[in-house]
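Sequential numbering from 1 applies to the sequence shown in UniProt numbering.
By construction, the Cβ of each residue, glycine as well, lies at the ideal position given by its N, Cα and C atoms.
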Amino acid sequence: MADLRDARVLVTGSDGFIGSHVVEELVKAGARVKAIVYYNSFNSWGWLDTVPADVMKSVEVVAGDIRDPHFMIAAASGCTDVLHLAALIAIPFSYVAPDSYVETNVRGTVNVLQAARLAGVRRFVQTSTSEVYGTAQTVPIKENHPLVGQSPYSASKIASDQMALSFQASFDMPVVVIRPFNTYGPRQSARAVIPTIISQIATGKRKIRLGAVSPTRDFSFVTDTARGLIAGLTAPAEQSVGQTINLGSGFEISVGATVEMIADVMGVDIEIETDEARLRPANSEVERLWADNSKARQQLGWAPEFGGLEGMRRGIENTVSWFTNPANLSRYKADVYNV
């Protein structure tokens, strides 16, 4: 990993699943981190509360809200780089509250971009999502694949990515768009498919309630995603600025086959029950995602450490080990489906 000892990196969404892992990886690389967490009256720092104390010595935590432009300008002051991860990401909730996705994912991103521009940062990494492609029209999916907003969430992320790229084109801001495919691992929301399977099994259930099991996904272990996002900070400008770059393992697996792998790792026999509440509207379901990760290999010098079926099994084993720790499992309501 590149040396980041001269960096003071602003990380939005650092209290979240991927963001907390990014903070850890940045500190390992020698960076000082200014971690933005979503303000709340509980004084919770989200998943940063579980990060080892020796890591947190290099982290300044600031509570606020990216929807406030004045807060963001103050937060970005003095920072050398920005990793922007803060977003509403739950697809089911985007059907319920689409306006909030525009406020956070689009307007919030504009606020972070404006603040970064005023701070004169040397690199701005925008975190995208494979959901912007919709169901794959060609595979593996290259970065020039059409963008199709099949949910309010994906539409808001298309808009926020384009806003970031527009700042690069309009103001010569050093923007890199990193587009992770489906990330999984310790600390993920139990709303996501892999944690929901693991947490149901871990709490004794053998009839697992799921939505559609036929769609395929390209699953990436969270440390691979974190390394790829940080590579967006450190890659040579001529190979990365103004670019959109996929992060993925480079293979696809169905949700059903993923269930079988998890059950095998956990040593149980299970049945799948379809839960209507977990099904997306028919035209909104993304049926197939499979990343072409060649651009990340060539231009970021990145490669997945948990690639292919063998790598995914190792990642699942790590994830199962974390979720089955009673201290971690107790943080989840495995019997309640959270949109």
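Delimiting residues of the beta strand (DSSP E) encompassing residue i
i, result
"residue 289", "Neither: residue 289 is in no beta strand (DSSP E) and is coded neither H nor E."
"residue 365", "In the structure displayed, the chain extends from 1 to 339; residue 365 sits before or after that span and is not available."
"residue 38", "32 to 38"
"residue 196", "Run containing residue 196: none in the beta strand (DSSP E); it sits in the alpha helix (DSSP H), 193 to 202."
"residue 126", "123 to 127"
"residue 104", "Neither: residue 104 is in no beta strand (DSSP E) and is coded neither H nor E."
"residue 180", "175 to 180"
"residue 273", "271 to 274"
"residue 48", "Residue 48 -> no beta strand (DSSP E), and no H or E assigned at all."
"residue 82", "81 to 84"
"residue 246", "244 to 247"
Residue i - DSSP class collapsed to helix/strand/coil
i, result
"residue 137", "coil"
"residue 118", "helix"
"residue 330", "coil"
"residue 220", "strand"
"residue 252", "coil"
"residue 5", "coil"
"residue 96", "helix"
"residue 258", "helix"
"residue 207", "strand"
"residue 265", "helix"
"residue 11", "strand"
"residue 144", "coil"
Contact belief for residue i with residue j at Cβ below 8 Å, rounded distance in angstroms
i, j, result
"residue 124", "residue 51", "Wrong, their Cβ atoms sit about 24 Å apart, outside the cutoff."
"residue 291", "residue 246", "5 Å"
"residue 202", "residue 104", "Going by Cβ atoms, the distance from residue 202 to residue 104 rounds to 31 Å, so no, they are not a contact pair."
"residue 128", "residue 157", "6 Å"
For residue i, the first and last residue of its enclosing alpha helix (DSSP H)
i, result
"residue 64", "Taken as a continuous stretch (DSSP letters only), residue 64 belongs to no alpha helix (DSSP H), being part of the beta strand (DSSP E) at 59 to 64."
"residue 167", "152 to 171"
"residue 131", "Note, residue 131: premise wrong, no alpha helix (DSSP H); not H, not E."
"residue 318", "308 to 323"
"residue 54", "53 to 56"
"residue 73", "69 to 76"
"residue 238", "237 to 240"
"residue 340", "Because the chain here runs from 1 to 339, residue 340 falls outside it and cannot be looked at."
Cβ shell of residue i (< 7 Å), same chain only, five flanking positions each side left out
i, result
"residue 98", "152"
"residue 45", "15, 37, 61"
"residue 279", "211, 212"
"residue 229", "22, 83, 125, 127, 178"
"residue 340", "The chain is shown only over 1 to 339; residue 340 falls outside these bounds and no answer can be derived."
"residue 225", "18, 180, 183, 247"
"residue 47", "15, 16, 17, 20, 187"
Pair within 8 Å by beta-carbon distance, residue i and residue j
i, j, result
"residue 84", "residue 223", "no"
"residue 7", "residue 31", "yes"
"residue 288", "residue 215", "yes"
"residue 109", "residue 163", "yes"
"residue 244", "residue 179", "yes"
"residue 209", "residue 275", "yes"
"residue 371", "residue 42", "Look at the range of the chain in this structure, 1 to 339, and you will see that residue 371 is not part of it."
"residue 319", "residue 198", "yes"
"residue 27", "residue 79", "no"
"residue 255", "residue 227", "no"
"residue 34", "residue 143", "no"
"residue 111", "residue 67", "yes"
"residue 233", "residue 81", "yes"
"residue 265", "residue 317", "yes"
"residue 171", "residue 306", "no"
Other residues of its chain near residue i: CB distance less than 8 Å, five sequence neighbours each side excluded
i, result
"residue 219", "181, 182, 183, 184, 194, 249, 253, 258, 312, 315"
"residue 150", "131, 134, 135, 283, 284, 285, 286"
"residue 235", "176, 299, 300, 301"
"residue 333", "190"
"residue 138", "145"
Chain-order list of residues whose beta-carbon lies under 6 Å from that of residue i (same chain, five-residue window excluded)
i, result
"residue 76", "10, 115, 116, 119"
"residue 159", "106"
"residue 206", "270"
"residue 13", "19, 85, 86"
"residue 293", "246, 248, 250"
"residue 146", "none"
"residue 263", "270"
"residue 200", "208, 334"
"residue 154", "131, 132"
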